[in-house]
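Structure first, commentary second.
Right under this line is the structure:
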């Protein structure tokens with residue numbers, strides 16, 4: 001049997017656990033303060049950038065995660081108990097983004113999509129969300145900055161990633177539909193733009209153009225992956241070298257007075273003569289005479305050589 005721990009060891013273990021619990025409590029309190037600050041910033045931004053003439057609150061898509069009865073924006077600050085229903089900090093981020101309104105909601109929706117899909121590098125912690133939010137709304141020259149960024153934006157990766165960046169920038173702008181469409185198509189990859197222009201019915205709605213562009217881009221990537229790999233063609237230098245080598249060999253052989261051309265081979269074989277010497281009664285393997293060209297063949301070879309020199 002193992003010896004029972006001493007009282008001193010138990011006290012040390014209790015002190016260590018107490019210290020850990022206190023550290024966790026401090027973290028929870030700090031996180032709660034950050035959440036309260038972020039909610040206050042959301043309210044202030046909604047009051048500054050919201051379009052009061054529109055009246056109602058924008059509809060928001062449902063979420064599969066988060067609380068079933070989330071607290072609403074009221075004058076009372078949310079307590080830490082309200083945040084206990086979240087299992088992960090990422091769920092808190094989604095909940096906060098989900099309850100933004102007006103232009104802040106337009107900014108938040110693409111981020112919610114990237115978090116749910118697990119793509120890109122969206123903020124998944126409260127400090128990261130606060131930094132992202134301040135970057136987007138605390139700058140009084142945000143509209144001018146967004147105008148410069150969207151003018152320099154071009155598609156360098158997939159169309160989906162390009163659309164995400166485009167959405168984040170137009171959340172800062174108040175252009176009309178035609179201007180958004182013109183800017184989006186101008187910065188598309190040339191192949192996607194070309195195929196989009198060949199459609200019979202080009203959409204005049206920005207969201208429809210987004211969907212059509214993504215479909216075209218996905219098809220292009222699939223075709224590229226399924227395309228069979230081609231064997232590298234021989235270079236011109238290799239072809240020229242092999243041609244010159246064979247020509248030099250043929251000229252060297254033709255200088256032999258007993259060189260028999262391929263045409264003479266065929267004639268002798270067709271006439272039943274020995275291919276080597278051109279006589280009857282034996283074959284090429286039993287030929288006792290060796291290679292013998294006829295006078296006619298010798299003259300023809302000489303003429304060919306002279307023509308080659310000319």
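Residue numbers (the UniProt record's numbering): 1 to 310. Every residue gets a Cβ at the ideal spot worked out from N, C-alpha and C, and that includes glycine.
Whole angstroms is fine: what's the gap from residue 135's alpha carbon to residue 20's?
For this step, residue 135 is matched to residue 135 along the chain shown. For this step, residue 20 is matched to residue 20 along the chain shown. So the two alpha carbons sit approximately 34 Å from each other.
If the criterion is Cβ atoms closer than 8 Å, does the pair residue 287 and residue 276 meet it?
Walking along the chain shown from the start, residue 287 turns up at place 287. Walking along the chain shown from the start, residue 276 turns up at place 276. Yes, the pair counts as a contact, with Cβ atoms nearer than the cut-off.
Residue 146 vs residue 129 beta-carbon contact at 8 Å:
Indexing the chain shown from 1 puts residue 146 at position 146. Indexing the chain shown from 1 puts residue 129 at position 129. Contact flag unset, no.
Check the C-beta distance from residue 213 over to residue 188 and give it rounded, since I have them as a contact under 8 Å.
Within the chain shown, numbered from 1, the residue matching residue 213 stands at position 213. Within the chain shown, numbered from 1, the residue matching residue 188 stands at position 188. Indeed they touch by this definition, with Cβ atoms about 6 Å apart.
Taking all protein chains shown into account, do 16 or more other C-beta atoms lie within 10 angstroms of the C-beta of residue 131, making it buried, or fewer, making it exposed?
What you label residue 131 is simply residue 131 of the chain shown in a count that begins at 1. By the 10 Å Cβ count, residue 131 comes out exposed.
Excluding the 5 residues preceding and the 5 following residue 13 in the sequence, name in chain order all residues of the same chain whose CB lies nearer than 6 Å to its CB.
Within the chain shown, the letter at position 13 stands for residue 13. Cβ within range, chain order: n/a, list empty.
Using only the alpha-carbon positions, how far apart do residue 123 and residue 194 sit?
The count along the chain shown starts at 1 and reaches residue 123 at position 123. The count along the chain shown starts at 1 and reaches residue 194 at position 194. Whole-angstrom Cα-Cα distance: 35 Å.
Closest to residue 206 by C-alpha separation, out of 191, 105, 262, 175, would be which residue?
Stepping through the chain shown from its first residue, residue 206 is reached at position 206. Answer by Cα proximity: 175.
For residue 191 versus residue 220, is the C-beta distance shorter than 8 Å?
To locate residue 191, count along the chain shown from 1; it is residue 191. To locate residue 220, count along the chain shown from 1; it is residue 220. Yes.
Can you name, in chain order, every residue of its own chain whose Cβ lies under 8 Å from the Cβ of residue 11, other than the five neighbours on each side?
Numbered from 1 along the chain shown, position 11 holds the residue referred to as residue 11. So no residue of the chain qualifies.
DSSP state of residue 275, grouped into three classes?
In the chain shown, the residue the question calls residue 275 occupies position 275. Coil, per DSSP.
Ordered along the chain, which non-local residues of its own chain (more than five positions away) have a Cβ less than 6 Å from that of residue 144?
The residue given as residue 144 occupies position 144 in the chain shown. So no residue of the chain qualifies.
DSSP state of residue 281 mapped onto helix, strand, coil:
Within the chain shown, residue 281 is the residue found at index 281, counting from 1. Three-state DSSP puts residue 281 in coil, outside helix and strand.
Please work out which residues of its chain come closer than 6 Å, Cβ to Cβ, to residue 154, disregarding the five sequence neighbours upstream and downstream, and give them in chain order.
Looking up residue 154 in the chain shown gives position 154. Excluding residues within five positions, the ones whose Cβ falls inside 6 Å are 187.
Just confirm the distance between the C-beta atoms of residue 98 and residue 112, as a whole number of angstroms; I'd bet it's less than 8 Å.
Position 98 of the chain shown holds residue 98. Position 112 of the chain shown holds residue 112. With 8 Å as the limit, residue 98 and residue 112 qualify as a contact, their Cβ atoms being about 7 Å apart.
Please specify which runs of the alpha helix (DSSP H), each continuous and at least 4 residues long, are wholly inside the region 135–172, giving them in chain order.
142–152, 159–170
Would you tell me roughly how many angstroms separate the C-alpha atoms of residue 80 and residue 120, rounded to the nearest one?
Here residue 80 refers to the residue found at position 80 of the chain shown. Here residue 120 refers to the residue found at position 120 of the chain shown. Any reading at residue 80 must be qualified, since the residue scores a pLDDT of 47, below 50, and its modelled position is unreliable; the value itself is stated next. Looking at the two C-alpha atoms, the distance is approximately 30 Å.
Residues near residue 164 by beta carbon distance below 7 Å, same chain, minus five either side:
Here residue 164 corresponds to residue number 164 of the chain shown, with the count starting at 1. Correct list, in chain order: 110, 114, 120.
Please name the residue, chosen from 204, 94, 166, 274, that lies closest to residue 177 on a Cα-to-Cα basis.
Here residue 177 is taken as the residue at index 177 of the chain shown, counted from 1. The shortest Cα separation from residue 177 among 204, 94, 166, 274 belongs to 204.
Just verifying my parser: in three-state terms, what is the DSSP assignment at residue 18?
By one-based count along the chain shown, residue 18 stands at place 18. Helix, per DSSP.
So, under 8 Å CB-CB, residue 106 and residue 171 are touching, yes? Tell me the CB distance rounded to an integer number of Å.
Against the chain shown, residue 106 aligns to sequence position 106. Against the chain shown, residue 171 aligns to sequence position 171. Contact flag correct, Cβ pair sits at about 4 Å.
Boundaries of the alpha helix (DSSP H) in which residue 291 is found, first to last residue
In the chain shown, the residue the question calls residue 291 occupies position 291. First-last for residue 291: undefined, no H or E at that position.
Could you check what DSSP says for residue 110 in three-state terms: helix, strand or coil?
Translated into positions along the chain shown, residue 110 becomes position 110. The answer is helix: DSSP assigns residue 110 an H, G or I state.
In whole angstroms, what is the alpha-carbon distance linking residue 104 and residue 166?
As a first step, residue 104 is located in the chain shown; it is residue number 104 there, counting from the start. As a first step, residue 166 is located in the chain shown; it is residue number 166 there, counting from the start. Distance between the alpha carbons of residue 104 and residue 166 is about 15 Å.
Collapsed DSSP secondary structure at residue 201 in the structure displayed:
Locating residue 201 in the chain shown gives position 201, counting from the first residue. If DSSP states are grouped into helix, strand and coil, residue 201 belongs with coil.
Decide if residue 95 is buried, meaning its Cβ has at least 16 other Cβ atoms within 10 Å, or exposed.
On the chain shown, position 95 is the one that residue 95 refers to. When all chains shown are included, residue 95 counts as buried.
DSSP three-state assignment for residue 123, whether helix, strand or coil
Working through the chain shown from its first residue, we reach residue 123 at position 123. Correct three-state label for residue 123: coil.
Would you check if the distance between the CB atom of residue 196 and the CB atom of residue 216 is smaller than 8 Å?
Numbered from its first residue, the chain shown carries residue 196 at position 196. Numbered from its first residue, the chain shown carries residue 216 at position 216. Yes. Within cutoff.
Would the beta-carbon of residue 126 fall within 8 Å of that of residue 88?
Residue numbering aside, residue 126 sits at position 126 when the chain shown is read from its first letter. Residue numbering aside, residue 88 sits at position 88 when the chain shown is read from its first letter. No, they are not a contact pair.
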